[in-house]
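Numbering (full-length UniProt numbering), first residue to last: 1 to 206. So the structure is just underneath, and the comments pick up after that.
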Amino acid sequence: MFNQIKNYFNKKNLKDEKYSYLFDKANDDEFVCFDCETTGLDPKVDDIISIGAVIIKNNTIISSKKFVRFVKPKTKLQIEAIKVHHIREMDLEEAEDIDNVIEEFLDFIGNRKLVGYYLEFDIAMINKYIKPKLGIYLPNKNYEVSAIYYDYKIEKIPQANIDLRFDTIMRDLQIPTMGKHDAYNDAVMTALIFVKLTNFPKVKIR
């Protein structure tokens with residue numbers, strides 16, 4: 001009920017009716033798993049430099065329907081961020097403008113439910129661009145895989161100390177890593193975590 005009320009007022013702030021589809025009721029069996037690489041870890045000052053996303057439908061990752069875009073940032077890449085994603089400023093010389101990428105991203109996700117790891121951060125980064133542009137925050141329902149994993153583990157081992165690091169979750173679920181760390185590969189690996197977890201009998205998402 002709270003989310004319905006929040007989305008009602010959110011929609012009233014929509015500046016462009018072209019994007020009203022974001023508020024449509026989502027299909028139960030469709031999700032988009034996405035990941036952002038950024039110049040740093042502060043959504044208020046840092047910028048997106050790449051977005052990777054993939055569609056999940058009927059428990060299947062549709063690899064033919066993927067979204068991969070690189071963005072030219074307005075802020076300087078931080079050294080610590082480069083150590084993680086290995087993207088340098090010279091790699092982004094031919095990258096796209098964020099306004100175009102955000103429009104394409106919204107068209108890609110539509111009204112689908114969103115999946116991610118550390119998803120709150122990624123959504124905050126997307127909201128940084130769509131709030132001034134459209135007047136709204138991203139309204140799509142979302143699922144954090146580390147929270148689903150936590151619920152799954154605590155049900156099996158009550159009072160356990162659950163390690164929620166990405167690599168630990170991958171190893172525990174026996175999902176092979178894809179090697180190169182980038183937004184698209186991270187989105188696919190996160191999608192694999194989501195699909196495997198949601199196929200366990202006792203794991204329910206709403």
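For each residue, glycine too, the CB sits at the ideal point set by N, CA and C. What you are looking at is a predicted structure, and each value in this text was computed from that prediction instead of being measured.
In terms of CA proximity to H85, G40 leads the group L119, G40, I62.
Fully contained in the region 69–124 are the following beta strand (DSSP E) runs of length 3 or more, in chain order: 113–116.
Collapsing the DSSP output to three states places F23 in a helix. Annotation for A124: P43 place their beta carbon closer than 8 Å to its own, counting only its chain and skipping 5 residues before and after. DSSP places F31 within a strand segment (E or B) once states are collapsed to three.
Counting only residues of its own chain and dropping the five nearest sequence neighbours on each side, G110 has a CB closer than 7 Å to the CB of Y21.
For K196, the closest of M178, Y152, E17, D47 by C-alpha to C-alpha distance is Y152. Taking one beta carbon from each stretch, the region 85–95 and the region 5–19 have fewer than 3 pairs nearer than 8 Å; the two do not touch.
Under DSSP, the beta-bridge partners assigned to V54 are C33, K66.
Remark: C-beta atoms of D35 and A183 approach each other more closely than 7 Å.
Note that the C-beta distance between I55 and E37 is not below 7 Å.
Each of K18, T60, K66 was checked against the Cα of F194, and the nearest Cα belongs to T60. Along the region 121–165, the beta strand (DSSP E) occurs as fully enclosed runs of 3 or more residues at 142–144, listed in sequence order. Between the C-alpha atoms of R112 and Q174 there is a straight-line separation of about 27 Å. A distance below 7 Å between beta-carbons, with the five flanking residues on each side excluded, links L134 to the following residues of its chain, in chain order: L14, K15, D16, Y19.
Following the DSSP letters along the chain, one finds N13 in no alpha helix (DSSP H), marked with neither H nor E. Comparing alpha carbon positions, the residue from P73, M170, F105 closest to K65 is F105. If the five residues before and after I102 are omitted, its C-beta is found closer than 8 Å to the C-beta atoms of I126, Y129, I130, K133, all from its own chain and listed in chain order.
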